[in-house]
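Q: Submitted below is the structure of interest, expressed as C-alpha cells.
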Amino acid sequence: MKRVSAVSLAAAAFWLAAHSELAAQSSVAMDKYAALPGVRLFYRDTGGSGVPVVFLHANTGSSRVWEYQIPAFTAAGYRFIAFDRRGWGRTEVQPGAPAASVADDMLALLDSLGLPRVHVVGTAGGAFGAIDFAISYPQRVRSLVVANSIGGVQDAEFLELGRRIRPPQFDALPPEIREVGPSYRAANPEGTQRWVDLEKISRPPGPPAPPQPVRNRLTFALLESINTPTLLLTGGADMYAPPPVLGMFAARIKGAETIVVPEAGHSTYWEEPDVFNRAVLDFVRKH
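The sequence shown begins at 41 in this note's numbering and counts up one residue at a time.
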C-alpha cells in the first residue's frame with residue numbers, strides 16, 4: 041500500500057502552482073440540468089473536447105464540493121462533470137417517480153451528453169454508485185477511483201470489522217467530526233467551516249430523502265469480477281475506510297492500486313486537494 045511522502049506533497053504543490061494561471065482561465069463549470077426519467081438532474085460541466093472525468097459526491101454535500109478539483113482537472117486537459125445525486129443539492133425528483141440507482145442516473149446523463157466512456161471518481165458514499173456503475177456498465181468506464189470508501193460491501197465479517205473500528209456513538213457526531221480529519225480541523229478552521237457551509241446548503245428543505253438503491257448488492261465475490269483499472273485512496277485518519285480495511289477491499293480487485301494520505305480523514309479531496317488531485321491525475325493519465 042503506497043503512502044504519500046513529503047516529496048510527493050512538494051511535487052504536487054509545484055505542479056499545481058505551475059498550472060494555476062491556466063486553471064484560472066479554463067476552469068469555469070457551467071451549471072446545467074438534464075431532463076431524465078423521473079428527475080431533473082442538476083450537473084456541472086466544463087465542456088470541451090477533453091476526456092471526461094465524472095465525480096460523485098458523498099452522502100453529504102453535492103456537486104459544489106469539488107471546487108478544488110475543477111481547476112486542476114481542466115488545467116490538465118480533462119472535461120470535469122459532477123452531478124447532484126437525488127436528495128441532494130439542486131436535483132429535482134418528480135413526485136411519484138420510481139426509485140432509481142445512482143448508476144442508472146449516471147448512465148442516462150452520459151447518454152444524453154453523448155459520452156461513451158468516462159473516468160469515474162467517487163468519494164465516500166458516492167463511491168457506492170461509482171462501483172455499482174463500473175460493475176453494471178464496465179464498457180462505459182475507462183478507470184475507477186474509489187476515494188475514502190469501502191463501497192458498501194455486505195459480507196458479514198466485513199460489516200462486523202467496521203463496527204469494531206468505530207465506537208457506537210460515532211455516527212451520532214456532527215458531520216464535520218465524522219468526515220473531516222482532526223489534523224485538518226485543527227489547522228484549518230476556515231476550510232472546515234467552508235466544508236460545513238457546503239454540506240448545509242446542499243441539503244434540500246424537509247426530511248432527508250431515502251438512499252438511492254443500488255443495482256448490485258456488493259460482496260467480496262462481486263468485487264473480484266471488476267476488471268476496470270481501479271485506484272483506491274484513503275486517509276490515514278479515516279474511520280470509515282481505515283487503511284487496514286481498505287487493504288482487505290483492495291485485495292479483492294485485480295490489479296488495484298492503493299494510496300494512503302497520512303493524517304487525512306474521510307474527505308481527502310477537501311483536506312488534501314493537492315495530493316488527491318495529483319494522485320488521481322497520475323492514475324487516469326495511464327488509462
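Virtual Cβ for every residue (Gly too), placed ideally from N, Cα, C. Keep in mind it's a predicted model, so treat the numbers as computed, not measured.
1. By DSSP's criteria, Phe-82 is part of a beta bridge. Which residues make up the other side?
2. Is the distance from the Cβ of Ala-397 to the Cβ of Ser-189 below 8 Å?
3. DSSP state of Arg-130, grouped into three classes?
4. Which stretch, first to last residue, makes up the beta strand (DSSP E) that contains Ala-122?
5. Cα separation between Glu-216 and Leu-150?
6. In chain order, what residues of the same chain lie with their CB nearer than 7 Å to the CB of Ala-196, ignoring the 5 residues before and after it?
7. Excluding the 5 residues preceding and the 5 following Leu-62 in the sequence, name in chain order all residues of the same chain whose CB lies nearer than 8 Å to its CB.
8. So, helix, strand or coil for Ile-299, using DSSP?
9. In angstroms with no decimal places, state the Cα-to-Cα distance between Gln-194 and Leu-258.
10. Apply the 10 Å Cβ neighbour rule to Pro-77 and answer buried if 16 or more other Cβ atoms are within range, or exposed otherwise.
11. Val-160 lies in the beta strand (DSSP E); which residues open and close that run?
12. In this structure, how does DSSP classify Ala-290 when only helix, strand and coil are distinguished?
13. Output the boundary residues of the beta strand (DSSP E) element that contains Gly-231.
14. Could you check which residue in Ala-74, Ala-164 and Ser-141 has the C-alpha nearest to that of Val-18?
15. Can you say whether Met-70 is buried or exposed, counting buried as having 16 or more other CB atoms within 10 angstroms of its CB?
16. What does the alpha-carbon distance come out to for the pair His-59 and Val-236?
17. What span of residues does the beta strand (DSSP E) with Thr-270 cover, start to end?
18. Cα separation between Ala-122 and Leu-155?
19. What is the rounded straight-line gap between the Cα of His-306 and the Cα of Gly-231?
20. On the CB-based measure, 16 or more other CB atoms within 10 Å of its CB, does Asn-267 come out buried or exposed?
21. Looking at C-alpha atoms only, which residue of Lys-72, Val-181, Phe-82 and Gly-275 is the closest neighbour of Val-91?
22. Using only the alpha-carbon positions, how far apart do Leu-263 and Thr-86 sit?
23. Quick check on DSSP: helix, strand or coil for Ala-167?
A: By the coordinates alone:
1. Note: Phe-82 sits in a beta bridge opposite Tyr-73.
2. No answer is possible for residue 397: the residues shown for the chain start at 41 and end at 327.
3. Shown here, Arg-130 sits in coil according to DSSP, grouped into three states, outside any helix or strand.
4. First-last of the beta strand (DSSP E) with Ala-122: 119 to 123.
5. So the alpha carbons of these two residues sit roughly 32 Å apart.
6. The answer is none, since no qualifying residue turns up.
7. Residue placement at Leu-62 is flagged as unreliable, the pLDDT there being 39, under the threshold of 50; the coordinate-derived value follows with that caveat. So the qualifying residues of the chain are Ala-115.
8. DSSP places Ile-299 in strand when its eight states are reduced to three.
9. If I take the Cα positions, the gap works out to 6 Å.
10. Around the beta carbon of Pro-77, fewer than 16 other beta carbons sit within 10 angstroms, so the residue counts as exposed.
11. Residues 158 to 163.
12. In the displayed model, Ala-290 falls within a helix according to three-state DSSP.
13. First-last for Gly-231: 229 to 241, but that is the alpha helix (DSSP H), not the beta strand (DSSP E).
14. Residue 18 lies beyond the stretch modelled for the chain, which goes from 41 to 327, so this question has no answer here.
15. Under the 10 Å beta carbon count, Met-70 is surrounded by fewer than 16 other beta carbons and is classified as exposed.
16. Residue placement at His-59 is flagged as unreliable, the pLDDT there being 40, under the threshold of 50; the coordinate-derived value follows with that caveat. Between His-59 and Val-236, the C-alpha separation is close to 28 Å.
17. From DSSP, the beta strand (DSSP E) with Thr-270 extends over 270 to 275.
18. Each residue's Cα considered, the two are about 14 Å apart.
19. Those two C-alpha atoms are separated by around 15 Å.
20. With a threshold of 16 other beta carbon atoms within 10 Å, Asn-267 falls short and is exposed.
21. Selected option, being the one with the closest Cα: Val-181.
22. Using only the alpha carbons, I get a separation of about 32 Å.
23. Three-state DSSP puts Ala-167 in a helix.
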